[in-house]
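**Q** Mind having a look at this structure? Questions to follow.
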Amino acid sequence: MKHPDRVFSFKELEAEDDLVEAMTNHHWPICYGFYYGNHLYLGDGDSEDDPEYAAATVDKTEGHQGVHGREVGRIRPRGMSSDEVRRFIQDITEGNYASENPIQICVEPIWHHSCTFCRLEED
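If you count the sequence shown from 1, position 43 lands on 108 in my numbering, and the numbers rise without skipping.
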């Protein structure tokens, strides 16, 4: 992970098509991510204009926000076709990992998230 100290937010998605659409056709805050198919796809880039996601397993949780897992791949979807992004997601879902680097991160659901990157604040 480039930014293990970042507090990541995530939205759970039900369908692969939704994740492909989110990664290829939308602009998100830098800390934003998605949970799909037992994997987190976390905004781990340096710029909102050039998104980069770290795909991670959730091997163990700690408290309400702590996640212990492995970074298993990275993707920079800008300029990639929907088919290329879909293939990456399918590889991760099938366990065809590019790496398995241990990580320990803080992850919050969007409705609870508050940080200086996205300036979202709790109600």
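Using N, Cα and C, we set each Cβ at its ideal position, and we do this for glycine too.
Since this is a predicted model, take the numbers as computed values, not measurements.
What whole-angstrom Cβ distance do residue 139 and residue 81 have, given they're in contact under 8 Å?
**A** In this structure, residue 139 and residue 81 do not form a Cβ contact; the two beta carbons are roughly 18 Å apart against a cut-off of 8 Å.
**Q** Nearest to residue 156 by CA position, among 77, 104, 71, 99, is which residue?
**A** 104
**Q** Under a Cβ-count criterion, where at least 16 other Cβ atoms within 10 Å of its own Cβ denotes burial, should residue 131 be classed as buried or exposed?
**A** exposed
**Q** Report the rounded CA-to-CA distance for residue 123 versus residue 69, giving the unit in angstroms.
**A** Each residue's Cα considered, the two are about 15 Å apart.
**Q** Tell me the rounded alpha-carbon separation between residue 93 and residue 78.
**A** 15 Å
**Q** Roughly how many whole angstroms lie between the Cα atoms of residue 115 and residue 142?
**A** Those two C-alpha atoms are separated by around 8 Å.
**Q** Between which residues of its own chain and residue 67 is the CB-CB distance below 6 Å, once the five residues before and five after are set aside?
**A** 109
**Q** Helix, strand or coil for residue 132 per DSSP?
**A** strand
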